[in-house]
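Notes to accompany the following structure.
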Amino acid sequence: MGFLFLLGHRLTWQAYHRLDDIHGFFDYLAKTYPDICTVETIGYSIQKRPLKILKISNGNAGNPGVWIDGGMHAREWISPAAVTYIANQIVEGWDDMPAHMKNVNWHIHAVANPDGYEYSHTTDRLWRKNMRSHGRNCPGVDLNRNFGYKWGGKGTSANPCSQTYRGSKAFSEPETFYISKYISNFPRNTFQAYLSFHSYGQYILYPWGYDYRVTNDKSDLDRVARQAGTTITKSTGFKYTVGSSATTLYPAAGGSDDWAKGFAGIKYAYTIEMGDTGRYGFVLPASYIEQNGKDGFTFVETVARAVTKTKDSRRRKIRRRS
Ligand SMILES: [Zn+2]
Numbered sequence: 071m072g073f074l075f076l077l078g079h080r081l082t083w084q085a086y087h088r089l090d091d092i093h094g095f096f097d098y099l100a101k102t103y104p105d106i107c108t109v110e111t112i113g114y115s116i117q118k119r120p121l122k123i124l125k126i127s128n129g130n131a132g133n134p135g136v137w138i139d140g141g142m143h144a145r146e147w148i149s150p151a152a153v154t155y156i157a158n159q160i161v162e163g164w165d166d167m168p169a170h171m172k173n174v175n176w177h178i179h180a181v182a183n184p185d186g187y188e189y190s191h192t193t194d195r196l197w198r199k200n201m202r203s204h205g206r207n208c209p210g211v212d213l214n215r216n217f218g219y220k221w222g223g224k225g226t227s228a229n230p231c232s233q234t235y236r237g238s239k240a241f242s243e244p245e246t247f248y249i250s251k252y253i254s255n256f257p258r259n260t261f262q263a264y265l266s267f268h269s270y271g272q273y274i275l276y277p278w279g280y281d282y283r284v285t286n287d288k289s290d291l292d293r294v295a296r297q298a299g300t301t302i303t304k305s306t307g308f309k310y311t312v313g314s315s316a317t318t319l320y321p322a323a324g325g326s327d328d329w330a331k332g333f334a335g336i337k338y339a340y341t342i343e344m345g346d347t348g349r350y351g352f353v354l355p356a357s358y359i360e361q362n363g364k365d366g367f368t369f370v371e372t373v374a375r376a377v378t379k380t381k382d383s384r385r386r387k388i389r390r391r392s
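Taken in order, the sequence shown gives residues 71 to 392; the numbers are from the numbering used here.
What follows is the structure in structure tokens.
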């Protein structure tokens, strides 16, 4: 089996893969493209699985940072599949990538809930939460209710058996805590985008999730999301609905995007709900991976264009002043 790792990696985007294959893919990229790729374990899950991220960069520390996560909800298999598809497109296509893709420092966490992801493969296909034990029959915390901004509000449950159990306190779970720690370790304004991949429904959502309110720069977030949606439709024909989380879907406090925006000050904070719109839902056949990967890539590229533009205009302003 060791030969496989020497020769390449096992991801195919024709099937859903287990955690080891996904992490093996990251290791392969770091080994094969050491000039642009590094792998970092930012912490460990409840069951001691590595929280492994892939960093892609041209080496310029001043590039805007873009965070991408997937698999926060275990059963949403299309999410890690699309996120790894995007990583593969960026790295394998690096030489031909436009400047707005190369002038970004990418931080990609494909399986943010590795314990739950594995459990959804071995035991319960529709598992959602992490594997925190409460000493009862219903383990798990909903990681996307556990982030530390307006934690405990609408759309969350204090009942450990609930699918939307928020945990005992904000960032009680290592899977969320280490994300916040990793991002907070960078100087403020390093990250210009935080993109969280979920499924399903085909939505591009921006804060706030905790209540029926919008941010002061809502028009910027809305404009970029609509650009992405339009480009996706032009390219693959699939339609994405754009809007603020609470208004478009339902209120849910303690989400990663709200924390990214409200606490970490990251401008372009989005949750993208990948396909489909309900025919298969969480059990989307693997034959849909490629299309969702393409749509995800279009979304990411649209955001990259926006954040590199922001950076350029900021530089221009500084230059003008000096
Ligand atoms: Zn989800």
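Here a beta-carbon is modelled for each residue, glycine too, at the ideal position from N, C-alpha and C.
- The C-alpha of T341 is placed about 12 Å away from the C-alpha of T318.
- Secondary structure note for M171: its alpha helix (DSSP H) is the uninterrupted segment A169 to K172.
- Taking every residue with its beta carbon within less than 7 Å of a heavy atom belonging to ligand 1 gives, in chain order, M142, H143, E146, N214, H268 and S269.
- DSSP places V161 inside the alpha helix (DSSP H), whose first and last residues are I148 to E162.
- DSSP, read as helix, strand or coil, puts G205 in coil.
- Scanning its chain for C-beta atoms nearer than 7 Å, with the 5 sequence neighbours on each side dropped, one finds around H87 the residues R80 and L81, in chain order.
- Assignment of beta strand (DSSP E) within the stretch 229-284, counting only whole runs of 3 or more residues, yields 261-269 and 273-276 in chain order.
- Under the three-state reduction of DSSP output, I92 falls in the helix class.
- Going by beta carbons, N214 and H170 fall outside the 8 Å limit.
- Taking the C-beta atoms as reference points, E343 is found nearer than 8 Å to Q272.
- The criterion of a C-beta distance shorter than 8 Å is satisfied by G140 and F267.
- Per DSSP, G78 has no beta bridge partner at all.
- Counting only residues of its own chain and dropping the five nearest sequence neighbours on each side, G78 has a CB closer than 8 Å to the CB of Y98.
- Per DSSP, the beta bridge partners of A339 are Y264.
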